[in-house]
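FYI, in mature numbering (1 follows the signal peptide of the UniProt record, and there is no 0) the residues of the sequence shown are -18 to -1, 1 to 230.
In this text, a Cβ means the ideal position worked out from N, Cα and C, and glycines have one as well.
Taking it in order: structure first as structure tokens, then the write-up.
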Amino acid sequence: MRHSLVLAVVWLAAPCQGWVAPPPRLCKTAAPPRRGRRRTPELLSNDNEDDLPEETIGAAWEAGLENGRAIGKTVVARFASPIVDDQGLIIADALVAGIVAPGLEIITCTLTGFPLPSWSAVFGARRLVAPTLLRGATLSTCWFGGALSARLYARDAYDFPPPNGAEDRFAVTFKRTLQAGAFATALLIFSTQLRLLLTFGFWPQLGDSPASDAEILRQFSDLVRDGLTEALVLMSWRLTRTELSRLD
């Protein structure tokens, strides 16, 4: 009896499955997709960008070449036709970089008992004047090249007239002197490499031989000490010159 009742219920409910549409929550096909244009996300750009012409690789290459040529001409002009508004400042820089700085390094090492740089023993242990002047000539030449590259002899780099002068005069002096020092350091490194090449006949590297390793370490020590001394002395001199320009 129970089974007959169940079969009757199933028999009565079966036709309803074909007549009544399934609820939309239980059947995915109950809600057909809407026909029409799909919405695309808005681009994160301006509408005017569509009107700009597309730059080809060749055009970008030509633009880069033109920019490089312009920069190269500017750099070459700083050395070929430099702006020198005060020739006496060139002599003062040469004295400070070539005599004061290396002489101060020798005096400081002698008073403190610190080992002297290797270039001081070129003409003997007790002959310090000639090696100092010889090393100073190299240092002053490198500094002259750096000063030309940073346009340190142009009037706007050292002359700040009264009553107040430029408010950022020390910032300008520090920046330009730092740029000149970076270029001068590069020249000094290059001259050191040339010296090693002339000494050994090839470009030595660490690990080639004990002799070349010792010489590389000595030259590196001299390079660091000379660079720090020159930076301290020349920066102090240039900042002092900037302040003195207000008293002219």
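Query raised in the report: Is the number of C-beta pairs between the region 89 to 101 and the region 195 to 215 that are closer than 8 Å three or more?
Result: yes
Query raised in the report: Should the region 123 to 133 be called in touch with the region 156 to 170, which here means at least 3 C-beta pairs below 8 Å?
Result: yes
Query raised in the report: Can the beta-carbon of Arg137 be found less than 8 Å from the beta-carbon of Asp195?
Result: no
Report task. Return the first residue and the last residue of the alpha helix (DSSP H) that Trp101 is part of. Result -> Careful: Trp101 lies outside any alpha helix (DSSP H) and carries neither H nor E.
Query raised in the report: With Tyr135 and Ile72 assumed to form a contact (beta carbons below 8 Å), what rounded beta-carbon distance in angstroms separates them?
Result: 6 Å
Query raised in the report: Would DSSP call Gln161 helix, strand or coil?
Result: helix
Requested in this report: Could you check what DSSP says for Ile65 in three-state terms: helix, strand or coil?
Outcome: coil
Requested in this report: Tell me whether the beta-carbon of Thr155 lies closer than 8 Å to the beta-carbon of Arg220.
Outcome: yes
Requested in this report: Consult DSSP for Ala(-5) and reduce its assignment to one of helix, strand or coil.
Outcome: Note that Ala(-5) scores 44 on pLDDT, short of 50, meaning its location in the model is unreliable and no value can be drawn from it.
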